[in-house]
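Everything in the sequence shown is counted per this note's numbering, starting at 58 for the first residue and increasing by one.
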Amino acid sequence: MDSLVVLVLCLSCLLLLSLWRQSSGRGKLPPGPTPLPVIGNILQIGIKDISKSLTNLSKVYGPVFTLYFGLKPIVVLHGYEAVKEALIDLGEEFSGRGIFPLAERANRGFGIVFSNGKKWKEIRRFSLMTLRNFGMGKRSIEDRVQEEARCLVEELRKTKASPCDPTFILGCAPCNVICSIIFHKRFDYKDQQFLNLMEKLNENIKILSSPWIQICNNFSPIIDYFPGTHNKLLKNVAFMKSYILEKVKEHQESMDMNNPQDFIDCFLMKMEK
Numbered sequence: 058m059d060s061l062v063v064l065v066l067c068l069s070c071l072l073l074l075s076l077w078r079q080s081s082g083r084g085k086l087p088p089g090p091t092p093l094p095v096i097g098n099i100l101q102i103g104i105k106d107i108s109k110s111l112t113n114l115s116k117v118y119g120p121v122f123t124l125y126f127g128l129k130p131i132v133v134l135h136g137y138e139a140v141k142e143a144l145i146d147l148g149e150e151f152s153g154r155g156i157f158p159l160a161e162r163a164n165r166g167f168g169i170v171f172s173n174g175k176k177w178k179e180i181r182r183f184s185l186m187t188l189r190n191f192g193m194g195k196r197s198i199e200d201r202v203q204e205e206a207r208c209l210v211e212e213l214r215k216t217k218a219s220p221c222d223p224t225f226i227l228g229c230a231p232c233n234v235i236c237s238i239i240f241h242k243r244f245d246y247k248d249q250q251f252l253n254l255m256e257k258l259n260e261n262i263k264i265l266s267s268p269w270i271q272i273c274n275n276f277s278p279i280i281d282y283f284p285g286t287h288n289k290l291l292k293n294v295a296f297m298k299s300y301i302l303e304k305v306k307e308h309q310e311s312m313d314m315n316n317p318q319d320f321i322d323c324f325l326m327k328m329e330k
């Protein structure tokens with residue numbers, strides 16, 4: 058009986074907190090559909106066709122409207138003009154990124170995709186400069202692309218013109234170009250390490266695009282107590298980190314400070330300064 062009373066009190070507090078947060082913030086945000094307590098507007102979004110749901114909502118509330126995913130308000134920009142005004146005309150004001158708890162847990166705020174602020178700008182500046190030095194946007198990058206294109210053609214010829222699904226092979230080619238810049242090495246399409254990395258990467262892309270991840274990001278304090286694909290995501294990230302760390306150690310042992318070979322060499326040299 059005592060446990061039931063505690064549960065009811067906790068649920069009541071959560072409900073009141075949800076109602077207070079939604080009502081206190083709505084006056085400062087663009088219009089949008091009325092959210093339900095705790096879960097917000099999740100039930101009003103068609104999981105199978107989210108873009109169609111957002112298009113329908115934009116017809117009612119305009120090109121800028123607010124949705125609640127759980128307790129978290131999300132401002133949606135719909136249409137070319139709204140996106141252009143925010144990301145191009147007012148790009149500096151909208152250059153920040155939202156907080157994604159799962160990404161924070163996986164990357165600890167580092168990297169380019171999910172980091173923010175001064176740290177993000179420094180890493181982005183360094184990465185762009187290093188990539189340019191390795192030929193990105195210049196003619197010299199063509200050698201890497203052409204080499205990979207020849208390997209891709211050879212791999213397709215092995216099918217002997219029989220029907221096949223080229224999705225995986227076509228995904229391997231650009232990843233190999235990136236690997237040649239980062240690791241100074243391309244992988245054979247049958248290389249087991251490369252296949253493992255591609256498998257983990259593809260799994261994470263699918264998981265990150267799923268509605269479950271939105272739920273995880275909005276209920277992060279309690280998500281550790283639930284099973285789900287977010288656990289697979291974190292495990293895959295740990296696997297890729299472990300592999301990259303091995304490569305970093307190899308680079309530390311063989312690096313020539315006067316002749317950096319790839320992105321990792323340049324990053325290690327930058328850390329020494």
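All C-beta atoms in this analysis are idealised placements derived from N, C-alpha and C, irrespective of residue type, glycine included.
Everything numeric in this text was worked out from a predicted model, so none of it was measured.
Do residue 87 and residue 122 come within 7 Å of each other at the CB atom, strictly closer than that value? As a position in the sequence shown, residue 122 is number 65, starting the count at 1. As a position in the sequence shown, residue 87 is number 30, starting the count at 1. It is a contact, given that the beta carbons lie within the stated cut-off.
Which class does residue 225 belong to by DSSP, given the choice of helix, strand or coil? The residue given as residue 225 occupies position 168 in the sequence shown. Here residue 225 sits in helix by DSSP.
Would you please state the rounded distance, in angstroms, between the beta carbons of residue 120 and residue 139? I believe it to be under 8 Å. Position 63 of the sequence shown holds residue 120. Position 82 of the sequence shown holds residue 139. Indeed they touch by this definition, with Cβ atoms about 4 Å apart.
How is the beta strand (DSSP E) around residue 209 delimited, first residue to last? Position 152 of the sequence shown, counted from the first residue, corresponds to residue 209. Per DSSP, residue 209 belongs to no beta strand (DSSP E); it is in the alpha helix (DSSP H), 198-214.
Contact set for residue 269: own chain, Cβ-Cβ below 8 Å, skip 5 residues either direction: Position 212 of the sequence shown, counted from the start, is the residue given in the question as residue 269. The answer, listed in chain order, is 285, 286 and 287.
For residue 237 versus residue 201, is the C-beta distance shorter than 7 Å? Looking up residue 237 in the sequence shown gives position 180. Looking up residue 201 in the sequence shown gives position 144. Yes, they are a contact pair.
Report yes if the CB atom of residue 318 is closer than 7 Å to the CB atom of residue 241, and no otherwise. Start at 1 with the first residue of the sequence shown, and residue 318 comes out as number 261. Start at 1 with the first residue of the sequence shown, and residue 241 comes out as number 184. The answer is yes: Cβ separation under 7 Å.
Counted within 10 angstroms of its Cβ, other Cβ atoms place residue 205 as buried (16 or more) or exposed: Here residue 205 corresponds to residue number 148 of the sequence shown, with the count starting at 1. When all chains shown are included, residue 205 counts as buried.
Residue 185, DSSP secondary structure in three states: Along the sequence shown, one-based indexing puts residue 185 at 128. Residue 185: helix per DSSP, three-state reduction.
What's the C-alpha gap between residue 91 and residue 98? Taking the sequence shown and counting its residues from 1, one reaches residue 91 at position 34. Taking the sequence shown and counting its residues from 1, one reaches residue 98 at position 41. Distance between the alpha carbons of residue 91 and residue 98: 7 Å.
Within the same chain, show all residues whose beta-carbon is closer than 7 Å to that of residue 339, passing over the 5 residues directly before and after it, in chain order. Given a span of 58 to 330 for the chain in the structure shown, any question on residue 339 remains unanswerable.
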